[in-house]
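Numbering (the UniProt record's numbering), first residue to last: 1 to 300.
Shown next, in the form of structure tokens:
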């Protein structure tokens with residue numbers, strides 16, 4: 001194996017991530033971007049991949065510190081390099097793994113921003129329903145909040161995966177893993193209204209026939225478009241919080257946990273591999289309870 005041919009190696013690594021690991025396009029891009037940074041370092045220092053030692057990885061990370069990278073980015077870089085060298089050992093019989101003993105920096109877990117039920121009602125009430133796009137946008141918010149979808153899951157949602165009669169939808173999450181999610185009556189009502197009254201009047205482009213949410217030109221909505229819709233609504237009601245499509249996913253989970261939902265059930269609905277990821281919403285619940293005590297208890 002020619003360990004100096006980066007283009008071939010990166011192409012094979014991309015295929016490995018896609019077919020062996022089943023990662024999403026965004027995750028693959030992040031891994032390849034990290035490997036490209038390491039390629040620049042190696043080429044500047046005349047290092048072949050089969051010559052890299054642990055001290056070289058450490059020097060690389062120190063080199064990156066000049067660009068003021070965050071602990072989160074550094075942790076992701078280490079994870080990406082570990083995966084990359086594991087791939088080289090598995091696929092190309094590299095003799096040693098220089099990342100084996102590397103440890104990522106400990107990260108403090110930041111609690112996600114959530115919306116109150118009142119704020120969600122305000123956002124929905126601010127939607128102009130006089131246009132077809134307004135009914136579509138209302139349906140988008142209802143589905144985001146009603147099912148806790150990731151934005152990628154929303155824009156790729158298919159009509160053939162809507163089982164509204166039994167109140168479930170099927171989505172394809174990270175790593176092409178499918179899951180069933182229960183859907184509430186409000187989201188069902190607006191989905192049916194949009195599908196029956198708005199979508200039939202759109203001239204659909206080839207390849208988008210099964211996509212639920214379309215723009216006026218008949219193509220699937222982009223992730224950026226969903227961000228813009230939500231940003232515009234937040235500005236309309238004067239919301240001070242910085243929100244994104246993911247805020248509705250956090251709010252969905254937080255409100256379920258606050259209401260006493262079983263954490264395993266919330267984990268399944270969100271599509272989290274580990275329950276520790278879902279447990280962050282119990283911290284949000286504790287913060288909420290603490291704020292209630294602070295506000296109302298006479299001895300606080």
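Don't be surprised by glycine CBs; every beta carbon is placed ideally from N, CA and C. Everything numeric in this text was worked out from a predicted model, so none of it was measured.
Residue i and residue j closer than 7 Å at C-beta
i: residue 184; j: residue 271; result: no
i: residue 16; j: residue 144; result: no
i: residue 4; j: residue 48; result: yes
i: residue 310; j: residue 84; result: Within the shown structure, residues of the chain are numbered from 1 to 300, placing residue 310 beyond reach of any answer.
i: residue 6; j: residue 58; result: no
i: residue 205; j: residue 222; result: no
i: residue 154; j: residue 188; result: no
Buried or exposed by the 16-neighbour rule on C-beta atoms within 10 Å, applied to residue i
i: residue 368; result: In the structure as shown, the chain starts at 1 and stops at 300, and residue 368 therefore has no counterpart that could be examined.
i: residue 255; result: buried
i: residue 251; result: buried
i: residue 217; result: exposed
i: residue 199; result: buried
i: residue 182; result: exposed
i: residue 230; result: buried
i: residue 148; result: buried
i: residue 228; result: exposed
i: residue 114; result: buried
i: residue 66; result: exposed
i: residue 60; result: buried
i: residue 117; result: exposed
i: residue 8; result: exposed
i: residue 169; result: buried
i: residue 226; result: buried
i: residue 171; result: buried
i: residue 25; result: exposed
i: residue 265; result: exposed
i: residue 166; result: exposed
i: residue 20; result: exposed
Contact test: residue i Cβ vs the ligand ADP heavy atom, cutoff 6 Å
i: residue 249; result: The ligand ADP is not part of the structure shown, which contains no ligands of any sort.
Neighbourhood of residue i by C-beta, 7 Å cutoff - its chain only, sequence neighbours within 5 removed
i: residue 138; result: 124, 127, 129, 190
i: residue 56; result: 47, 98
i: residue 186; result: 142, 146
i: residue 62; result: none
i: residue 14; result: 28, 32
Proximal residues to residue i (C-beta, below 8 Å), its chain only, five neighbours per side dropped
i: residue 107; result: Note that residue 107 scores 49 on pLDDT, short of 50, meaning its location in the model is unreliable and no value can be drawn from it.
i: residue 193; result: 135, 139
i: residue 10; result: 32, 35, 36, 39
i: residue 177; result: 22, 271
i: residue 18; result: 28
i: residue 44; result: none
Reference residue i, options the options, closest by Cα
i: residue 268; options: 188, 179, 205; result: 179
i: residue 79; options: 96, 102, 66; result: 102
i: residue 122; options: 227, 132, 141, 44; result: 141
i: residue 12; options: 226, 91, 119, 46; result: 91
i: residue 224; options: 245, 132, 21, 63; result: 245
i: residue 120; options: 262, 263, 241, 261; result: 241
i: residue 50; options: 260, 96, 259, 202; result: 96
i: residue 196; options: 77, 20, 132, 207; result: 132
i: residue 64; options: 45, 41, 54; result: 41
Cβ neighbours of residue i in the same chain (closer than 6 Å, five flanking residues each side left out)
i: residue 94; result: 88
i: residue 82; result: 99
i: residue 77; result: 34
Beta carbon proximity, residue i to chain B, threshold 7 Å
i: residue 14; result: In summary, chain B is missing from the structure at hand, where a single protein chain is found.
- Given 8 Å, three or more beta-carbon pairs between the region 114 to 132 and the region 221 to 238: yes
- Query: Would you call the region 154 to 167 and the region 195 to 212 touching, i.e. three or more CB-CB distances under 8 Å?
  - Reply: yes
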